[in-house]
Amino acid sequence: MRALLENHRVIVCTGSGGVGKTTTAAALGVAAARMGKRVLVLTIDPARRLATTLGIANSSDDVRVPKQSYAGELYAGTIDSARIFAEYIQRHAKSQETVDRLFANALYQQMATTLSGSQEFTSLSKLYDAATSGDYDLVILDTPPAAHAADFLHAPAKLNAVFDSAIVSMFMGRSSGFGLAASAWKQGMKLVLGALNFLTGSSFVATFNDFFSAIDAIAPDIRETNLAAHELLLARSTAFVLITSFDAAKIQEGEAFHDELAAAGYQLKKVIVNRAWPQWTPFTEAEQNAAQRALKSASGPELATLHARLSSYYSARAGLHTRFDDLMTVPEMDDDIVGLPALEQLASRLVPDA
Amino acid sequence: MQANKTTDQRAQRPSLHGRAVHRIVFVTGKGGVGKSAVAAATALQYARAGHSVLLVELGSRSFYGPLLGLPVDDVPVPWLENIGVVRWDVEGALREYITHYLMFKAAADKILGNTVMKALVAAAPSLAELAMLGKLTAPMRHTWYKRDVDVVVIDAYATGQFMALLRAPRGLAQTASSGPMHTHSTEIVRLLGNPDICEYRLVTLAEEMPISEACEMAGEIRAETGIAPKVYCNRLLDLPADMADLPASAAAAPFIAHMQRIAKRQRTSLAALKRLGSDRGGPVRCLPLIPTVDADELLKGLADALDSVSRVVT
């Protein structure tokens, strides 16, 4: 784990919702700062208390995490998708008129927040800016909540489809060439517009037209950013970490994700099973028996039974089959992780030699 | 005899303007709270009560397939008695929709195979969501669309995406101000707000983030549909009331300390859910942690718990 932090410039924390990605990303940041790195942790929608700990509860800029004393320095930032998208457009649009038209468009208003891929796009664009700014030795990215770990990887492709130059051109009524191909495109366009017109009425199609003509100007930049971010993700200096929980479905999903990453050329360097068991879980039979005896005499049979049931549950979970041979299991930390000391405790678990 | 019985049951099935009606149960919640397990247990609960149930998962890959060891795809596969499991994705739903309105399949295939269309579906998220809801409510809107079940249980998306799903038809009805899609969106908005048809189950855990998301979401669901969701607090431990005063004897001290923290967290969480008031449909429903790694055992245990919902907080 230490080598992972030592040898990479970007770490992407992936995993499906509710597995503790954000907290793990923050703890990895703490570990890296202890190792002397200038590190930035980019989080998405952190729990309020974690945001407070990191000093980003009331700030949309990257800030130095308060109350720290590490060999290096820990910074944190949140990714506010709608704001970053708006800034991106402000920065890349050729004229204020384009910006105004776009912001007023009904499709844009949906898009900035809910378009599949827009959150991922803003994350990647922010990651790219931070990683290439020269301000940090390491940037750790927490990925947007998704049903599946792999959703993050497919997002840029989805967004690219929207901003495909040929499609934008077709919507703008420009022909991208002559001959059969161009005429097939036109035919396809006519068919789609006909269907849309019929199903939705002409005002909807007009909104579409307006959207695409406004987006036309910045589409090349979006494609370029997407491409650059994609290259950054493929770079040898970028490592993926998968955070998962201990249940059969999540482990299977993790295995499928691993194959997908490998096939696409990304490097999954670590699989972390989070909250694998509570810290009290007995490791030996002697420990188990001692706890049972103590519970029976001190608090009656009720808690003793619960202790026995939970112990065997956690040991059954630990025995679940997995293809990963290098699983890192992290016990459930005491209660919610509140404050920097708790993050440091988790960091010590994740990277004992930091 | 069997045939007669079926006919009788059909006759009892409620109808809306002469169209067959089945109940729709949406199950949602933050990622990781056990939403899919509660959805499957809900299906089991309805099936045990004698209803025929369709358990639907949304998206391009199946969660239930590996979990239940079934080949779950776009045609329902039988799971237990009276339950079929199916996976719906956007493209399939949209294809169905367009096929019907353009009357012939060749055109639908051509349009959906078209890169332009794919871009449009990606660019207009509500289009994809409307397709899903359109498929779901089709039997109630069209006489030609048959779905021979009493209840459809949907393992719906998590928080943000679920709200986008619920809001899509209203948004689309405004953007597309005429045409069949406008009519359908308006109809869907009405159906989603009909308490005789739709039920919303919101699952959470007794933890900070899931609770704050659930509280926010309960209000949003009610505001959007007019129906307050039933709230389920999942994976609760049944702990003695006098936890705080227990002597912490050495060998069990870490366990007791942990249970005391859980007891406290459960209390604050349930109190927060109680404060939801009219944003919550009925009492807070408590579901126990079922300590097993066996999927069947887990789902049956959860269905038992749903049936009894013995420990309700009113």
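From first to last, the protein sequence lines stand for chains A and B.
In my numbering, each residue's number is its place in the first sequence (first place is 1) plus 184.
In my numbering, each residue's number is its place in the second sequence (first place is 1) plus 18.
Every residue, glycine too, gets a C-beta built ideally from N, C-alpha and C.
{"Query": "Report the three-state DSSP secondary structure of A:Lys370 (helix, strand or coil).", "Result": "helix"}
{"Query": "Do you know whose CA, among A:Ala235, A:Asn289 and A:Thr208, lies nearest A:Ile513's CA?", "Result": "The displayed chain sequence assigns Thr, not Ile, to residue 513 of chain A. Checked all of A:Ala235, A:Asn289 and A:Thr208; the closest Cα to A:Thr513 is A:Thr208."}
{"Query": "Please go through the same chain and pick out, in chain order, the residues whose beta-carbon is closer than 8 Å to the beta-carbon of A:Pro340, but skip the five residues on each side of it.", "Result": "Gly301, Glu304, Phe305, Leu308, Asn410, Ala413 and His414"}
{"Query": "What distance in whole Å lies between the Cβ atoms of B:Lys153 and B:Glu114, which are believed to be in contact at a cut-off of 8 Å?", "Result": "6 Å"}
{"Query": "Taking A:His192 as the reference, which of A:Leu494, A:Leu325 and A:Leu238 has the closest Cα?", "Result": "A:Leu325"}
{"Query": "Start and end of the beta strand (DSSP E) containing A:Lys454?", "Result": "Leu452 to Val457"}
{"Query": "Could you check whether the Cβ of A:Trp461 sits closer than 7 Å to any Cβ belonging to chain B?", "Result": "no"}
{"Query": "When the Cα atoms are used, what is the spatial distance from A:Pro328 to A:Gln476?", "Result": "43 Å"}
{"Query": "Do we get a CB-CB distance below 7 Å when we pair B:Ala176 with the residues of chain A?", "Result": "yes"}
{"Query": "Looking at chain B, is there any beta carbon in it that lies within less than 7 Å of the beta carbon of A:Arg533?", "Result": "no"}
{"Query": "Determine the contact status of B:Lys248 and B:Gly299, defining contact as a CB-CB distance below 7 Å.", "Result": "yes"}
{"Query": "Between the Cα of A:Ala334 and those of A:Cys197, A:Asp537, A:His491 and A:Ser495, spot the shortest distance and give me the residue it belongs to.", "Result": "A:Cys197"}
{"Query": "Could you compute how far the alpha carbon of B:Arg208 sits from the alpha carbon of B:Ser195?", "Result": "17 Å"}
{"Query": "Would you list, in chain order, the members of the stretch 370-391 of chain A that have their beta-carbon closer than 8 Å to a beta-carbon of chain B?", "Result": "Gly372, Met373, Leu375, Val376, Ala379, Leu380, Asn381, Phe382, Leu383, Thr384, Gly385, Ser386, Ser387, Phe388 and Thr391"}
{"Query": "What is the residue span of the alpha helix (DSSP H) that B:Arg208 lies within?", "Result": "Pro198 to Leu210"}
{"Query": "Between B:Phe44, B:Tyr119, B:Ile215 and B:Gly52, which has its C-alpha nearest A:Ser200's C-alpha?", "Result": "B:Gly52"}
{"Query": "Rank B:Ala182, B:Asp168 and B:Gln192 by C-alpha distance to the C-alpha of B:Val39 and give the top, closest one.", "Result": "B:Asp168"}
{"Query": "Hey, how far is the Cα of A:Ala187 from the Cα of B:Glu225?", "Result": "33 Å"}
{"Query": "In terms of residue numbering, what span does the alpha helix (DSSP H) encompassing A:Ala260 cover?", "Result": "Per DSSP, A:Ala260 belongs to no alpha helix (DSSP H); it is in the beta strand (DSSP E), Glu257 to Thr262."}
{"Query": "With DSSP as the reference, label B:Leu305 as helix, strand or coil.", "Result": "strand"}
{"Query": "Between A:Ile399, A:Glu437 and A:Ala423, which lies nearest to A:Val283 when the distance is taken from Cα to Cα?", "Result": "A:Ile399"}
{"Query": "Kindly list, in the order they appear in chain A, the residues whose Cβ is closer than 7 Å to that of B:Ile129.", "Result": "Leu375, Val376 and Ala379"}
{"Query": "What are the start and end residues of the beta strand (DSSP E) that includes A:Met185?", "Result": "Neither: A:Met185 is in no beta strand (DSSP E) and is coded neither H nor E."}
{"Query": "Using a Cβ-Cβ cutoff of less than 6 Å, which residues in the same chain neighbour B:Gly102 once the five nearest sequence positions on both sides are dropped?", "Result": "Leu72, Pro94 and Pro96"}
{"Query": "Note down the Cα distance separating B:Ser230 from A:Ala235, rounded to an integer number of angstroms.", "Result": "14 Å"}
{"Query": "Find the nearest neighbour of A:Val530 within the set A:Leu189, A:Glu190 and A:Gly213, judged by alpha-carbon distance.", "Result": "It should be noted that the sequence gives Leu, not Val, for residue 530 of chain A. Per the Cα distances, A:Gly213."}
{"Query": "Mind listing, in chain order, the continuous beta strand (DSSP E) runs of no fewer than 3 residues lying wholly within the stretch 50-82 of chain B?", "Result": "71-76"}
{"Query": "Can you look up A:Val514 in the DSSP assignment and give me helix, strand or coil?", "Result": "coil"}
{"Query": "Just to confirm the assignment, what range does the beta strand (DSSP E) spanning A:Leu426 have?", "Result": "Thr422 to Thr428"}
{"Query": "Verify the CB distance criterion: does B:Arg329 have a CB-CB separation below 7 Å to chain A?", "Result": "Reliability fails at B:Arg329, whose pLDDT of 42 lies under 50, so the model's placement of it is uncertain and the value that follows must be treated cautiously. Judged by the 7 Å Cβ criterion, B:Arg329 is not in contact with chain A."}
{"Query": "Could you check whether the Cβ of A:Glu486 sits closer than 7 Å to any Cβ belonging to chain B?", "Result": "yes"}
{"Query": "Listed from N- to C-terminal order along the chain, which residues in the stretch 502-516 of chain A have their beta-carbon within a distance smaller than 7 Å of any beta-carbon of chain B?", "Result": "Leu504"}
{"Query": "Excluding sequence positions up to five away, which residues of its chain have a Cβ less than 7 Å from the Cβ of A:Val535?", "Result": "Met185, Arg186, Leu189 and Ala215"}
{"Query": "If we call anything under 7 Å between Cβ atoms a contact, is B:Phe147 one with B:Ala174?", "Result": "Before going further, note that residue 147 of chain B is Glu rather than Phe in the sequence given. Against a cut-off of 7 Å, the Cβ pair of B:Ala174 and B:Glu147 comes out as no contact."}
{"Query": "Give the interface partners of A:Arg493 over in chain B, defined as CB-CB distance under 7 Å, in chain order.", "Result": "Pro309"}
{"Query": "Counting only Cβ-Cβ distances shorter than 9 Å, please list the residues of the stretch 219-251 of chain B near chain A, keeping chain order.", "Result": "Leu223, Glu225, Glu226, Met227, Pro228 and Ser230"}
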